[in-house]
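A quick write-up on the structure given underneath.
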Amino acid sequence: MKVSLPRLRPLQWFLLLAILVAGVDYAALQVAAHYPSEQEAVALGVAFDLILTIPLLYYFLVIRKSKQSWLAVLPVFFFGTLAGKYMLPASQSEWFDRLIYVAPVLEAGLVLFVLFKLRTLVKQYRALRATAFHWIDAFRSALASSIGESRLVDLLAMDVGMLSYALNFSKPKPQRFPAFTYHQDSSLKALVIVFSLLLLLESTLTHMLIAVWSDIVAWIATASSLYTILILIAYYNSVKHSPILVSRDQVYVRIGFASHVLIDKANIAGVQRLGVSYEEKRDKHAFYAVLLMEEPQLEIKLHQPVILHGPLGRQTPVGRVLLKVDDPHRFISALEQGEGA
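Going by numbering that gives the first Met the number 0, the first residue of the sequence shown is number 0, and it counts up by one from there.
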């Protein structure tokens, strides 16, 4: 009987080979510890693997096959540098101490590269914004056109969206298409306020306790709590400014600044109301477009799966969308009777 092995994806191949290389390097370091005369040569080989071999594996196995930008290899180089600093003995890690300072230089170079491309980026963004359902989608597409496709593009788009909404306390602007809010009847605003106050209190107490041991760690913990509060505020504001949109032919469902799906009306098999106490096992092939502590009231079934765009560029095929809107009667009417611009 012929047995077929599961086919590995490029990223899985990279992880497998990177772990194998790192494991061999670690074993070589343990053996070299008993042979002082060989330690320098082994350390050089380990450094070569961590800052060159593994990034090259990532480039050839992942980046080239997916046609991403070469910039996507920079995080792998940086993590290899960090790994080398902690894997090698202190007497042989001077290189990595210097390379650690290269990371901010590379980041600054990336920022300068983006600024150099800024004029083209703005021009492309304005052209795409005229037809896109949401400005984050237009920004991501313009950014990808400027610096190439990569996970870095998804990270930058999400970060820009988050920071933009964290500072946006204005009233929602009118939309080009019929818009359906989903936050007005929710308790999201109250939850964000309560959690933010609790985090402020917790971060203050934690800072005082940790500062007795280390001021640096205390400030890192405080910054982490403040960043979490920023994310909560950004999430609420993004929900407020990102209603579900229905055009003549499509339905755009976005929850906050991270996840969205675009559905052709012709692909909708049916829309049904769900019970008041709706419960089901979590379905990985469904998009739960509901807020925290909320239950879906409507289910959109599709003829063919569509792509759910999640955080950091994650893409998942879904065959159902479960959601809740503030005006379900008008929303169903828009889907069934063709309301839309």
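Positions of the beta carbon are idealized from the N, C-alpha and C atoms, including for glycine. Everything numeric in this text was worked out from a predicted model, so none of it was measured.
Which residue comes first and which comes last in the beta strand (DSSP E) that contains residue i?
{"i": "G269", "result": "267 to 272"}
{"i": "K170", "result": "Careful: K170 lies outside any beta strand (DSSP E) and carries neither H nor E."}
{"i": "Q314", "result": "314 to 322"}
{"i": "I262", "result": "258 to 263"}
{"i": "F368", "result": "As shown, the chain starts at 0 and ends at 340. That puts residue 368 outside it, with no answer to give."}
In the DSSP assignment, find the unbroken alpha helix (DSSP H) run with residue i in it and report its ends.
{"i": "I306", "result": "Run containing I306: none in the alpha helix (DSSP H); it sits in the beta strand (DSSP E), 297 to 308."}
{"i": "T80", "result": "73 to 86"}
{"i": "L142", "result": "134 to 146"}
{"i": "A247", "result": "Before going further, note that residue 247 is Arg rather than Ala in the sequence given. Unbroken run through R247: none, as it is neither H nor E."}
{"i": "L117", "result": "117 to 128"}
{"i": "A222", "result": "214 to 240"}
{"i": "F194", "result": "187 to 210"}
{"i": "L341", "result": "Absent from the model: residue 341. The displayed extent of the chain is 0 to 340, so no value can be given."}
Here's the rule: buried if 16 or more other CB atoms are within 10 angstroms of the residue's CB, otherwise exposed. What is residue i?
{"i": "H308", "result": "buried"}
{"i": "M207", "result": "exposed"}
{"i": "L187", "result": "buried"}
{"i": "V121", "result": "exposed"}
{"i": "L322", "result": "buried"}
{"i": "G160", "result": "buried"}
{"i": "V2", "result": "Its pLDDT being 45, under 50, V2 is placed unreliably in this model, and the coordinates cannot settle the point."}
{"i": "L151", "result": "buried"}
{"i": "F115", "result": "exposed"}
{"i": "H182", "result": "buried"}
{"i": "R253", "result": "buried"}
{"i": "V193", "result": "exposed"}
Can you check whether the C-beta of residue i is within less than 8 Å of a C-beta belonging to chain D?
{"i": "V30", "result": "Of the protein chains in the structure, only one exists, and it is not chain D."}
Taking residue i and residue j to be in contact with their CB atoms under 8 Å, please state how far apart those CB atoms are, rounded to whole angstroms.
{"i": "A370", "j": "E37", "result": "The requested residue 370 is not part of the displayed model; the chain covers only 0 to 340."}
{"i": "L196", "j": "S224", "result": "Wrong, their Cβ atoms sit about 12 Å apart, outside the cutoff."}
{"i": "A143", "j": "Y124", "result": "At roughly 11 Å, the Cβ-Cβ gap does not stay under 8 Å, so A143 and Y124 are not in contact."}
{"i": "L301", "j": "G318", "result": "5 Å"}
{"i": "V72", "j": "Y58", "result": "5 Å"}
{"i": "Q296", "j": "L244", "result": "Not quite, the Cβ-Cβ distance comes to about 18 Å (not below 8 Å), so this is no contact."}
* Just list the alpha helix (DSSP H) runs in the segment 29 to 58, keeping only unbroken ones of 4 residues or longer that don't cross its boundaries, in chain order. => As far as the segment 29 to 58 is concerned, its whole alpha helix (DSSP H) runs of at least 4 residues are 38 to 47, 53 to 57.
* Inter-stretch contact at 8 Å, needing at least 3 Cβ pairs: the segment 19 to 35 / the segment 75 to 86 -> Flag = yes, the segment 19 to 35 and the segment 75 to 86 touch.
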